[in-house]
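Visitor: Please find one structure pasted underneath; my questions will follow.
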């Protein structure tokens with residue numbers, strides 16, 4: 021992955037992250053895509069061997085990482101002297117002229133926090149005592165908080181969840197979303213990876229495979245990086261929390277595994293036919309904790325928020341809680357207005373759905389009783405031959421993603437049954453509804 025990759029961090033602080041990707045396909049190609057993200061603190065460790073990133077997560081463990089800044093935005097930068105030798109932090113422009121400089125720290129464990137207003141002139145940061153080993157680059161964009169990107173095609177992995185993991189669903193509170201947009205030249209696939217309530221995430225990829233199978237990774241979205249910003253594998257120590265865990269672009273050179281050496285078109289063909297998925301790996305679930313199948317979409321909107329509540333009362337003490345919410349809505353294949361009102365229903369469990377029912381399409385079903393979600397319920401789907409099989413369990417929102425049969429006599433027809441104890445419900449929807 022190139023140096024455009026970045027991750028919003030300081031995962032222990034309260035924040036609201038919002039991303040929006042709008043893309044048009046076919047005759048509407050050329051609509052802009054917009055990414056908005058709250059600026060996040062930057063944290064570095066300094067030693068004579070080099071600067072090492074601590075946060076945001078995109079630079080964690082990376083030596084002399086590229087700092088992704090937006091011109092016109094103000095950033096809080098904290099760095100720590102970890103070897104007891106003299107260091108400071110200097111920023112220069114392309115000609116080497118000094119723009120910013122801190123005092124020299126000489127005590128091991130001493131930290132310094134400064135505020136930096138990013139400008140387009142900023143290009144390099146270094147320690148003036150050790151300018152060769154402690155040197156990195158700065159990448160800046162335009163001011164205004166919006167980075168516009170002209171895209172010709174859009175994709176989404178919907179809501180990533182543990183229930184979509186294979187062969188066995190994973191019980192987890194984590195959720196996520198991935199947006200992908202192809203540039204006008206068709207040579208770069210830009211992406212944003214958002215994650216909520218994850219514990220010790222180590223890496224994330226695009227994998228090859230249908231919704232009911234596992235496949236090899238073919239492109240990194242998040243993980244450890246070398247000095248040039250190329251992904252090298254999982255982080256040694258996972259990142260926990262909520263935020264934008266990955267943002268960057270994929271080109272021919274970034275493909276790995278069975279697509280290594282292939283053109284980007286080889287990956288795009290798999291995205292278009294629905295045989296690729298996003299998988300986020302953690303220390304507890306190295307094979308994958310949350311997952312979502314990638315599919316074409318006309319437009320995608322993701323809202324990721326984290327709310328912090330604190331209360332104090334006599335005899336009870338101080339209580340602080342945090343809760344993250346992640347909502348995904350999409351236009352095109354992945355969401356059809358009022359589609360959830362179609363179909364035949366029966367049983368005590370009510371099943372609604374989002375999406376257009378058609379061969380191979382990915383549909384989100386929601387199971388409720390009197391409006392309350394039915395969680396951890398078994399989900400059964402009839403395949404193209406009419407045989408019913410268990411595909412997973414509903415999540416904490418009563419949701420699960422199913423795939424409409426693409427082959428067989430029942431191709432294009434959706435038949436879902438949800439069971440919990442003695443309660444059950446069934447949904448049947450015809451092709452195109």
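Residue numbers (the numbering used here): 21 to 453.
For every residue, glycine included, the Cβ atom is placed at its ideal position computed from N, Cα and C.
Every value quoted in this text rests on a predicted model; they were computed, and no experiment measured them.
Who are the near neighbours of residue 286 in its chain, counting only those whose CB is closer than 8 angstroms to its CB and skipping five residues on each side?
Guide: 275 and 279
Visitor: Could you check what DSSP says for residue 417 in three-state terms: helix, strand or coil?
Guide: coil
Visitor: Does DSSP put residue 2 in a helix, a strand or coil?
Guide: With the chain covering only 21 through 453, there is no way to say anything about residue 2.
Visitor: What is the rounded straight-line gap between the Cα of residue 110 and the Cα of residue 144?
Guide: The straight-line gap from Cα to Cα measures roughly 8 angstroms.
Visitor: Restricting to runs no shorter than 3 residues, where is the beta strand (DSSP E) found entirely within the segment 174-207?
Guide: List check, beta strand (DSSP E) in window: 195-203.
Visitor: Which of the three DSSP states, helix, strand or coil, is assigned to residue 307?
Guide: coil
Visitor: What span of residues does the alpha helix (DSSP H) with residue 292 cover, start to end?
Guide: 284-292
Visitor: Within 8 angstroms, do at least three Cβ pairs link the segment 404-412 to the segment 386-396?
Guide: Verdict: no, contact absent.
Visitor: Output yes or no for whether 9 angstroms exceeds the beta carbon distance between residue 217 and residue 195.
Guide: Contact flag set, yes.
Visitor: Suppose the cutoff is 6 angstroms on Cβ atoms and the five residues either side in sequence are ignored; what does the same chain contact list for residue 137 look like?
Guide: 94
Visitor: Here's the rule: buried if 16 or more other CB atoms are within 10 angstroms of the residue's CB, otherwise exposed. What is residue 433?
Guide: buried
Visitor: I need the DSSP call for residue 410, collapsed to helix, strand or coil.
Guide: strand
Visitor: Can you tell me the Cα-Cα spacing of residue 299 and residue 310, whole angstroms?
Guide: 6 angstroms
Visitor: Out of 105, 316, 238 and 308, point me to the one whose CA is closest to residue 376's CA.
Guide: 316
Visitor: Tell me residue 62's beta-bridge partners as DSSP assigns them.
Guide: 97
Visitor: Where does residue 450 land, buried or exposed, given buried means 16+ other C-beta within 10 angstroms?
Guide: Counting Cβ neighbours within 10 Å, residue 450 comes out exposed, since fewer than 16 surround it.
Visitor: Cα separation between residue 229 and residue 371?
Guide: 27 angstroms
Visitor: Who pairs with residue 70 in a beta bridge, going by DSSP?
Guide: 67
Visitor: Can you tell me whether residue 55 is buried or exposed? The criterion is at least 16 other CB atoms within 10 Å of its CB, across all chains shown.
Guide: Low per-residue confidence applies at residue 55: pLDDT is 28, beneath 50, and the placement is therefore not dependable enough to give any value.
Visitor: Apart from the five residues just before and just after residue 427, which ones in its own chain have a Cβ nearer than 8 angstroms to its Cβ?
Guide: 379 and 404
Visitor: Could you check what DSSP says for residue 457 in three-state terms: helix, strand or coil?
Guide: This structure leaves residue 457 out entirely; the chain is present only between 21 and 453.
Visitor: In whole angstroms, give me the CA-to-CA distance for residue 132 and residue 124.
Guide: Per the coordinates, the alpha-carbon of residue 132 lies some 10 angstroms from the alpha-carbon of residue 124.
Visitor: What are the boundary residues of the beta strand (DSSP E) that residue 364 is part of?
Guide: 364-367
Visitor: What do you get for residue 152, buried or exposed, if any count of 16 or more other CB atoms within 10 angstroms of its CB means buried?
Guide: Result: exposed.
Visitor: Indicate whether residue 74 and residue 67 have their beta-carbon atoms separated by less than 9 angstroms.
Guide: no
Visitor: Under the DSSP definition of a beta bridge, which residues are partnered with residue 374?
Guide: 384
Visitor: Our contact map puts residue 239 next to residue 270 with C-beta atoms below 8 angstroms; I'd like the distance itself, whole angstroms only.
Guide: 5 angstroms
Visitor: With burial defined as no fewer than 16 other Cβ atoms inside 10 Å of the residue's Cβ, what is the status of residue 425: buried or exposed?
Guide: buried
Visitor: Just the Cα atoms here: how many angstroms apart are residue 192 and residue 293?
Guide: The straight-line gap from Cα to Cα measures roughly 28 angstroms.
Visitor: To the nearest angstrom, how far is it from the Cα of residue 384 to the Cα of residue 97?
Guide: Each residue's alpha carbon lies about 41 angstroms from the other.
Visitor: Over what stretch of residues does the beta strand (DSSP E) that includes residue 402 continue unbroken?
Guide: 398-402
Visitor: Helix or strand or just coil, what does DSSP make of residue 77?
Guide: helix
Visitor: Which residues does DSSP list as the beta-bridge partners of residue 299?
Guide: 225 and 311
Visitor: Out of 108, 86 and 178, which has the shortest C-alpha to C-alpha gap to residue 374?
Guide: 178
Visitor: Quick check: the Cα distance between residue 259 and residue 77, rounded to an integer number of angstroms?
Guide: 7 angstroms
Visitor: Roughly how many angstroms separate the alpha carbons of residue 446 and residue 436, rounded to a whole number?
Guide: 6 angstroms
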